[in-house]
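Trainee: Handing you a structure now.
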Amino acid sequence: MPELPEVETTCRGIEPHITGNDLQSVSVLQPSLRWPVPDSIEKLAGCRVGRVWRRAKYILIDVNRLTSNRSKGAPAGTLIIHLGMSGSLRICSNNTELRKHDHAEFRFHNGVCLRYHDPRRFGCILLSEQDVSEHALLSKLGPEPLSEAFDGKHLHRLSRKRKTPIKNFIMDSHIVVGVGNIYASESLFSAGIRPGRSASRVNAAQCDALAAHIKRILGNAIEMGGTTLRDFVNSEGSPGYFSQQLQVYGRSGEACRECGDGIKNKVIGQRSSFYCPTCQS
DNA sequence: CAACGGACCTGCCTGC
DNA sequence: TGCAGGCAGGTCCGTT
């Protein structure tokens, strides 16, 4: 479920419910996620949620102290939440019944409750008590795909000596963040580049096209996520709002929408990779 | 450095 | 119907 558009949609969906809201309690029901959930997050009770933002696929929630005098308004820290392969965050009320795989719960004074749900437990919940951008998980990340810092020149410059497949290259978070397995295949299809081609063999013009398609496809998907925002908190399972837009992902054996040839599925870097052998070279 | 494989988990689908 | 096997949208880490 969570590629960048889902993570962005999640941020936008939870933000209005929790920003400015005061935490009554934080409970860890299952600390065994990708890394142990620190006990210290339970001490955020009594704090007020500030900004809800995102870096790559990490959801970041600033939390400030409210308690006495001097420390009032001082940052208590930033929650770092990753949804892994199967995670989700949902807003409910504090008497909503817990579901299987609800691993953490943030209850607010006004009755709102934020729950972290993750069957596969590949995600994480961490607390950074310093400048979160210096956190080991965030400090070495490449640019955001929708920012001006990311463009074809960036891709071209960094790929010159890289023989790794271009698909692996664009999924490398040191190069650019937020390009997951689905959108990597989709972007490469639009750019006419086979996923297995060596990164160093993608020329400057193709890098320009690839970067532009990554921006377009991710941007569109985020916009569509936005259209489901209204009932976001109630939604069960994956929305599937982009599945109709997919040109190659998950379509092996089906006809290419451009040329009619059969879509292929090849494992590259241990991940399924879909492409059209005629449209992509 | 770069490349690669393994690791972390559960659920769901397929085929015998 | 049961069960083994394969597969899944992420990404860090250790080894070569």
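Mapping of the first sequence onto the working numbering: position 165 corresponds to residue 167, and the numbering continues sequentially without gaps. Virtual Cβ for every residue (Gly too), placed ideally from N, Cα, C. Because the structure is a prediction, the values reported are computed rather than measured.
Going by the beta-carbon positions, is the gap between S149 and A58 smaller than 8 angstroms?
Mentor: no
Trainee: Can you give me the start and stop residues for the beta strand (DSSP E) that P77 sits inside?
Mentor: Segment P77 to H84, the beta strand (DSSP E) holding P77.
Trainee: Any idea which residues DSSP pairs P38 with across the strands?
Mentor: S34
Trainee: Taking G125 and H84 to be in contact with their CB atoms under 8 angstroms, please state how far apart those CB atoms are, rounded to whole angstroms.
Mentor: 5 angstroms
Trainee: Please name the residue, chosen from P77, R50 and R123, that lies closest to G1 on a Cα-to-Cα basis.
Mentor: What is shown of the chain runs 3 to 283, which leaves residue 1 out entirely.
Trainee: From F110, P38 and C281, pick the residue whose C-alpha is nearest to that of A193; which is it?
Mentor: C281
Trainee: Judging by CA-CA distance, which residue of F191, E146 and A76 is the nearest neighbour of I168?
Mentor: For I168, the nearest C-alpha among the options comes from F191.
Trainee: Taking Cβ positions, are V292 and P145 nearer each other than 8 angstroms?
Mentor: Given that the chain is displayed from residue 3 to residue 283, the structure contains no residue 292 and the question cannot be resolved.
Trainee: With burial defined as no fewer than 16 other Cβ atoms inside 10 Å of the residue's Cβ, what is the status of D120: buried or exposed?
Mentor: buried
Trainee: Candidates V9, T166, A151 and L35: which alpha carbon is nearest A214's?
Mentor: A151
Trainee: Taking a contact to mean a Cβ-Cβ separation below 8 angstroms, would you say A206 touches H158 in this structure?
Mentor: yes
Trainee: Kindly indicate which three-state DSSP category L116 falls into: helix, strand or coil?
Mentor: strand
Trainee: In the structure shown, what three-state DSSP assignment does K155 receive?
Mentor: helix
Trainee: Where does T11 land, buried or exposed, given buried means 16+ other C-beta within 10 angstroms?
Mentor: buried
Trainee: Would you please state the rounded distance, in angstroms, between the beta carbons of Y251 and I184? I believe it to be under 8 angstroms.
Mentor: 5 angstroms
Trainee: Below 8 angstroms between beta carbons: does that hold for V134 and T80?
Mentor: yes
Trainee: Can you look up Q26 in the DSSP assignment and give me helix, strand or coil?
Mentor: Three-state result, Q26: strand.
Trainee: Leaving out five residues before and five after V204 in sequence, what residues of the same chain have Cβ atoms less than 8 angstroms from its Cβ?
Mentor: L157, H158, S161, I168, I195 and L212
Trainee: Measuring CB to CB, does V39 end up less than 8 angstroms from A138?
Mentor: no
Trainee: If I follow the unbroken alpha helix (DSSP H) through F171, where does it start and stop?
Mentor: I168 to I172
Trainee: Would DSSP call S237 helix, strand or coil?
Mentor: With a pLDDT of 48 at S237, under the threshold of 50, the modelled position of this residue cannot be trusted; read the value that follows with caution. DSSP places S237 in coil when its eight states are reduced to three.
Trainee: Taking only the alpha-carbon atoms, compute the straight-line gap between E5 and K45 and give it to the nearest angstrom.
Mentor: The alpha-carbon atoms of E5 and K45 are separated by roughly 30 angstroms.
Trainee: Count the other C-beta atoms from every protein chain shown that fall within 10 angstroms of the C-beta of V178, then say buried if there are 16 or more, exposed otherwise.
Mentor: Result: buried.
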